[in-house]
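First comes the structure, then the notes that go with it.
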Amino acid sequence: MSFVNKARQAYNKLFPAPVLTDFPAENLPWIDKKNPDIEGFVRQFPKATQLPYDLTEKLHFWKENGYVILEKVISDELIDAYLADVQELIDDHKKYDINIRIDRPEYSKHPVMKVRDVPREIIEGQYIKIMDFHNASVAGKKLMLHKAIVSFLEAIFNEKVVAMQSLTFLYGSQQETHQDFPYVVPQVPSHLAASWIALEDVKAGSGELHYFVGSHKIPKFDWGNGIFFTGESSKNPTDFGRYLSAKCEGFERKTLLLKKGDVLIWHAALAHGGEPILDDSLTRKSYVCHYSSAQGYFRHRHDLVNEPVRYNLNGADVFADPKLKEYENSFKRGESLNQ
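Counted the way my numbering counts, the sequence shown spans residues 11 to 349.
Following this line, the structure appears as structure tokens:
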């Protein structure tokens with residue numbers, strides 16, 4: 011355990027935070043408050059007339075359903091550059107300290123490992139997440155902070171967007187239904203959203219993403235110590251899954267069959283997961299990114315003390331990884347590409 015984490019645990023024991031049953035009302039994003047004036051907001055939002063979609067319509071849809079889909083907003087060229095970076099990482103994996111998560115039984119004791127220490131056949135298989143490859147890949151940063159994504163997130167947060175982390179998938183995740191906010195916690199917990207970028211056309215049977223329309227409104231699960239999953243929680247993800255299964259009854263369940271270049275953006279509390287892979291020959295290449303606001307995420311999670319090194323694209327920030335400085339922007343295929 012790092013010194014920072016030990017210090018944080020000691021502080022929390024001395025000065026325990028109040029147990030939360032919901033996001034604090036005082037810093038909710040404006041659109042999550044009761045009866046937001048969406049039309050009034052759009053009238054004063056500078057980018058509203060520059061977007062390839064009707065922002066008023068999208069914001070009403072987001073408020074009601076907890077997600078939006080932006081169709082074909084990302085170019086094949088940028089996606090192909092990122093996929094080439096991913097392939098280079100796999101081909102030369104023994105050179106890199108970049109982390110991957112392996113959700114296979116034989117790796118259950120140490121699911122997060124350096125890619126250099128994992129056999130290639132495992133890296134290229136199912137149950138793998140490449141973690142935070144955007145730090146090494148210029149194309150990954152440009153995908154993460156694409157202008158179409160940033161503009162919508164700026165609208166829902168009504169402030170500067172900050173990207174937090176990314177996960178790259180070659181196959182469907184097959185994850186149980188879950189919500190993101192108990193696990194991904196920025197400094198302001200309600201300032202959280204995610205994007206799911208289709209890196210290829212999604213085919214039926216590939217382990218498609220599923221989600222429950224409007225489920226961002228259900229009451230939040232109590233882990234025994236509030237709404238976030240921590241080392242002090244008395245309940246576990248299995249309990250959480252049972253709770254969501256019961257609460258999502260009656261909500262429409264949809265599966266996602268996006269085309270390459272389409273983007274799903276979802277609310278921190280939208281219940282979602284991965285369908286079983288029915289055809290092992292099918293990949294489901296996708297790129298998942300989590301975001302907060304400048305107010306909500308102002309220190310890198312690997313260094314809560316020092317001011318982060320920032321990269322800015324389209325008015326949004328992403329932080330350099332203080333633990334892997336030597337890899338930052340080392341995959342340069344995306345440098346010449348526009349978003």
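Idealized CB from N, CA, C, for every residue including glycine.
The beta carbon of I100 is closer than 7 Å to those of R130, I133 and E134 in its chain, skipping five residues each way along the sequence.
By a beta-carbon distance limit of 8 Å, Y253 does not contact F239. Their separation comes to about 12 Å. Look at the beta carbons and you see the region 144-157 touching the region 324-341: at least three pairs across the two are nearer than 8 Å. A direct Cα-to-Cα measurement between Q54 and F329 gives close to 29 Å.
The C-alpha of N75 lies about 12 Å from the C-alpha of I228. If you draw a straight line from the Cα of E169 to the Cα of A326, it comes to about 10 Å. The Cβ atoms of Y307 and V160 do not sit closer than 8 Å to each other.
Taking A58 as the centre and dropping the five residues before and after it, the same chain places the C-beta of V52 and L65 closer than 6 Å to its C-beta, in chain order. The beta carbon of N316 sits closer than 8 Å to the beta carbons of R309 and P332 from its chain, once the five residues preceding and following it are set aside; these are given in chain order. Non-local C-beta neighbours of F71 in its own chain, meaning closer than 7 Å and more than five positions away in sequence, comprise V78, ordered along the chain. Relative to R114, the option among D107, M123 and L219 whose CA is nearest is M123.
Between E210 and T293, the beta carbon gap of about 7 Å places them in contact (Cβ cut-off 8 Å).
Secondary structure of D327 (DSSP, three-state): strand.
In the displayed model, W72 falls within a helix according to three-state DSSP. Looking only at V83, P192 and M174, the smallest Cα-Cα distance to K245 is reached by P192. With the rule of 3 Cβ pairs closer than 8 Å, the region 279-291 counts as touching the region 173-187. CA-to-CA, the gap between E81 and D272 works out to about 5 Å.
The C-beta distance from T31 to I166 rounds to 23 Å, too long to fall under 8 Å, and the pair is not in contact. Under the DSSP assignment, G283 falls outside any alpha helix (DSSP H), being part of the beta strand (DSSP E) whose first and last residues are H282 to G284. Within the DSSP bridge table, the entry for T240 names no partner. Taking 8 Å as the cut-off, the Cβ atoms of S200 and F33 count as close.
Secondary structure of Q185 (DSSP, three-state): coil. Going by DSSP, K139 is part of no alpha helix (DSSP H) but of the beta strand (DSSP E) stretching over I138 to M141.
Going by DSSP, Y221 is part of no alpha helix (DSSP H) but of the beta strand (DSSP E) stretching over L219 to F222. The residues N235 and G236, in chain order, have a CB closer than 7 Å to that of V29 in the same chain once the five nearest residues on each side in sequence are set aside.
Runs of the beta strand (DSSP E) lying entirely within the region 48-125 and spanning at least 3 residues, in chain order: 77-80, 109-112 and 122-124. Across the set D107, E116, V198 and Y117, the C-alpha of V198 shows the shortest separation from the C-alpha of P39. Counting along the chain, V148 sits inside the alpha helix (DSSP H) bounded by residues V148 to M154.
In the structure shown, the three-state DSSP call for L274 is strand.
H300 carries a strand assignment under DSSP once its states are collapsed to helix, strand and coil. The beta carbon of E186 lies closer than 7 Å to those of G251 and G283 in the same chain, with the five residues before and after it left out.
Residue Y92 holds the alpha-carbon nearest to the alpha-carbon of T178 among Y92, P121, D102 and D127. Contact between I108 and I138 is absent: CB atoms are separated by about 12 Å, not below the 8 Å threshold.
If you look at R252, you'll find it in the alpha helix (DSSP H) that goes P247 to K257. DSSP places Y337 within a helical segment (H, G or I) once states are collapsed to three. Annotation for L177: the continuous beta strand (DSSP E) segment containing it runs V171 to F179.
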